[in-house]
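Chains as they are written, first to last, in numbering that gives the first Met the number 0: chain C, 0 to 179; chain W, 0 to 492. Even for Gly, the Cβ is constructed at its ideal location relative to N, Cα and C.
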Amino acid sequence: MPLILLAIPSVFIGAMTIGPMLYGDWFGSSIARSATMEALAKEWHGAFGMMVHALTTLPFWLAIAGVATAWFLYILRPDLPAVIKKRLGVIPVILERKYGFDDFNDWFFAGGARRLGTGLWSWGDKTIIDGIMVNGTARLIGWFAGVARGMQTGYIYHYAFTMIVGVFGFLTFLLLLNKY
Amino acid sequence: MFQGYVLSLTIWVPIAFGIAVLVIGRDQSPLPARWTALAGSVLGLVVCIPLWTGFQPAAEMQFVEMGSWIPRFNVNYHLGVDGIAMPLILLNSLMTVLVVVAHWEVITDKVSQYLAAFLIMSGLINGVFASLDAILFYVFFEAMLIPMFLIIGVWGGPNRVYAAVKFFLYTLLGSLLMLAAFIYLYNQTNGSFEILDFHRLPIGETAQKLIFLAMFMSFAVKVPMWPVHTWLPDAHVEAPTGGSVILAAITLKIGGYGFLRFNLPITPDASHFFDTFMITLSLIAVVYIGLVALVQQDMKKLIAYSSISHMGFVTLGFFIFNSDGMLGGLIQMVSHGFISAAMFLCVGVLYDRMHSRMIADYGGVANRMPVFAAFFVFFAMANSGLPGTSGFVGEFMVIMGTIKVSFWYTFLAATTLVFGAAYTLWMVKRVVFGEVANAHVAALMDVGRRELFFLALLAVLVLWMGVYPKAFSDVMNPTIQELLRHVSQSKLG
């Protein structure tokens, strides 16, 4: 019932507005009128003319044939669909599975994107960026600090020796700087 | 009466109320603190209204305030806003109200400290957007880390300390290089920290490149751009709902704002030199992070990754150097503020009831929470870039701008429409639709008036910007046009 209630006004609103919307000035200057629409407007003879013209076209009669076939198979002879399906073998399966396109899309696009996403997250974010670059840097600093801590012996002669080496290195640097 | 001090009020009113909340707050009776915080946040928003009503759509700085702060180093208390900063201040002040409302029945521990942290942070963030002195900017920029560090570290989840330290270190290390660049520019300008002086300063090629990289380190972390993004998912997952809202809606925008205020106008030649590099990182963020978002099992983590991907669109728009791209990027920043806040608030609504953020714990929520489900689906659609919502406007403009530069950039950027729809709607499908998954979902109650308020308000804003973006673009456009003109002129001389 709701579909019927929606269908009735759709027919009337469509009949009343199709002309001004497609070929009239319904949208004012908001939409540019193309040459194609101008050419099509010459073939436009109103909603009733369009309806009558539909009776002479193949799609209309194919649609009617579809309705008639459905009525015949599912209301007049509901025993027939099962028999036809059995006789046609694999064809109904192919049609029901939409030629396998949905299965392919699920496996290739959806599944592929998930597998790629999992790989990027696991290897890119968790292993390389967080594991090696971020936490690896922290570990490297920790290791270096551990090594540097080993040099802090507490013996004054060790510190004095380090200072002498430092002064020697600094003076060498200055001498080389002046020379070159 | 206060016409000459509007920007100061937007900074100091929330901070003053934050301090007042701290002073009057008592753990045993948090109600006075709650009401004071609400009053402070609402007043903070009210004092921003003249910024919108009195703003002239022009490129120059408006509502300017100037006072000497540290005369010895010529550091000034210099404030002003243009079409880039003003909308972000309004966005921040609005989000503070929502965060205060959102906390009401949720936060029960150290309520006054929680609210004070948000109010003080709100003022500091307004200071970041309003500063025209580099040191003033730097002080606000660094100071706002402290309340956010506390919000994540004190009121966060089980792994909050790790997340807070990671957030703090990332952003602090980046900004130290920016400070070095400021000091170099101070010397070059013969002793000025004025950002507008930096804009006018001729700078050599090598210096421009180094300054660009120094500032890039700071703002890329903030955005965040790939590969310096991994602090954000951790911070979001551990932060309380309010923290996630401010992180996503506001603090990420500081990165984008920094590129517009500092990198592009101060180093225009370097910006052109590094444009391919920036576009590449942006596109990696869009595609790589979009794929990573797809496989997340935690709703907050998914939205966090989604934020990184959307912010990739922002930086892409900025570095293609045309009007559609740059304006689109700025609109995308504001739009993402609305949508990401709404998404995190939606997750917060669910978390408050179920104490789980895992997608697998949900299913069939629409059967028990139809009103909430309607909002959640609406915001998910907006996050996917549905026409008629704000999410569409910025992305569409950036795509329009990108197609003028390169088909392949556009092709890769447009994958966000596919990935965005895939990860967001797949999450919504698993959480909202289907049969009621378990007894916990069966016991769910729909949103109350408080939750309805903030969800409806954000829905109106998302629709407003989606249907009539002109209200926003008119404000932003003169500044963007002036910035484009400035960036098109070489500073090499």
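query                                                                                                                                                                      : result
Where does LYS185/W land, buried or exposed, given buried means 16+ other C-beta within 10 angstroms?                                                                      : First, the residue type needs correcting, since residue 185/W is Tyr and not Lys in the sequence shown. The residue is buried, with at least 16 neighbouring Cβ atoms inside 10 Å.
Determine, using beta carbons only, whether LEU144/W and PHE167/W come nearer to each other than 8 Å.                                                                      : yes
Kindly indicate which residue of VAL146/C, GLY145/C, ALA159/C and VAL133/C has the alpha-carbon position closest to the one of LYS165/W.                                   : VAL133/C
Residues of the segment 285 to 314 of chain W in Cβ contact with chain C at a cutoff of 7 Å, in chain order, please.                                                       : TYR287, LEU290, VAL291, LEU293 and VAL294
Tell me the DSSP secondary structure of GLU394/W in three-state form.                                                                                                      : helix
Is there a C-beta anywhere in chain C that falls below 8 Å from the one on ALA455/W?                                                                                       : no
Can you list, in chain order, the residues of its chain with a C-beta nearer than 7 Å to that of THR52/W? Leave out the 5 residues immediately preceding and following it. : none
Could you tell me the boundaries of the alpha helix (DSSP H) in which GLU37/C lies?                                                                                        : 34 to 41
VAL74/W and PHE192/W - do their beta-carbons sit closer together than 8 Å?                                                                                                 : yes
Would you please verify whether the beta carbon of PRO226/W is less than 8 Å from any beta carbon of chain C?                                                              : yes
Is the distance from the Cβ of GLU237/W to the Cβ of ILE151/W below 8 Å?                                                                                                   : yes
Verify the contact flag: GLY99/C, CB atom, against every heavy atom of the ligand ATP, threshold strictly below 7 Å.                                                       : The ligand ATP is not part of this structure, which contains no ligands at all.
Using 10 angstroms around the beta-carbon of TYR467/W, count the other beta-carbons present and answer buried if the total reaches 16, otherwise exposed.                  : exposed
Sort out for me which residues DSSP pairs ASP233/W with in a bridge.                                                                                                       : None; ASP233/W has no bridge partner.
Nearest CA to the CA of ILE283/W: which residue from GLY311/W, PHE320/W and VAL110/W?                                                                                      : GLY311/W
Answer yes or no: do MET214/W and PHE261/W have a C-beta to C-beta separation smaller than 8 Å?                                                                            : yes
Quick one: give me the first and last residue of the beta strand (DSSP E) that LEU78/W is part of.                                                                         : 74 to 80
Distance cutoff 8 Å, beta carbons only. Does ALA421/W sit that close to anything in chain C?                                                                               : yes
Any chance you could list the alpha helix (DSSP H) runs of at least 4 consecutive residues sitting entirely within the segment 203 to 271 of chain W, in chain order?      : 204 to 221, 230 to 237, 240 to 245 and 251 to 257
When DSSP labels each residue in this structure, what does ASP24/C get in the three-state scheme?                                                                          : coil
Output the boundary residues of the alpha helix (DSSP H) element that contains GLY493/W.                                                                                   : Past the edges of chain W, shown from 0 to 492, lies residue 493/W, and the structure says nothing about it.
State the start and end residues of the unbroken beta strand (DSSP E) segment that holds GLY66/W.                                                                          : 61 to 69
I need the DSSP call for SER489/W, collapsed to helix, strand or coil.                                                                                                     : coil
Taking Cβ-Cβ distances below 8 Å as the criterion, which residues of the segment 92 to 103 of chain C are in contact with chain W?                                         : none
Ignoring anything shorter than 4 residues or poking outside the segment 334 to 403 of chain W, list the alpha helix (DSSP H) runs there in chain order.                    : 364 to 367, 369 to 382 and 389 to 402
Around the C-beta of ALA372/W, are 16 or more other C-beta atoms found within 10 angstroms, so that it is buried, or is it exposed?                                        : buried
Which of the three DSSP states, helix, strand or coil, is assigned to ASP105/C?                                                                                            : helix
Under 8 Å, do VAL227/W and TYR169/W count as touching if we go by C-beta distance?                                                                                         : yes
Please confirm whether THR401/W has its beta-carbon closer than 8 Å to some beta-carbon of chain C.                                                                        : no
Can you give me the start and stop residues for the alpha helix (DSSP H) that TYR4/W sits inside?                                                                          : Looking at the DSSP string, TYR4/W is not in any alpha helix (DSSP H), and its letter there is neither H nor E.
Which of the three DSSP states is assigned to GLU104/W in this structure?                                                                                                  : coil
Contact defined as beta carbons within less than 8 Å: I believe GLY17/W pairs with ALA115/W. What is the distance between those atoms, to the nearest angstrom?            : 4 Å
Since THR388/W and GLY465/W are thought to touch, with beta carbons under 8 Å apart, how far apart are those beta carbons, to the nearest angstrom?                        : 4 Å
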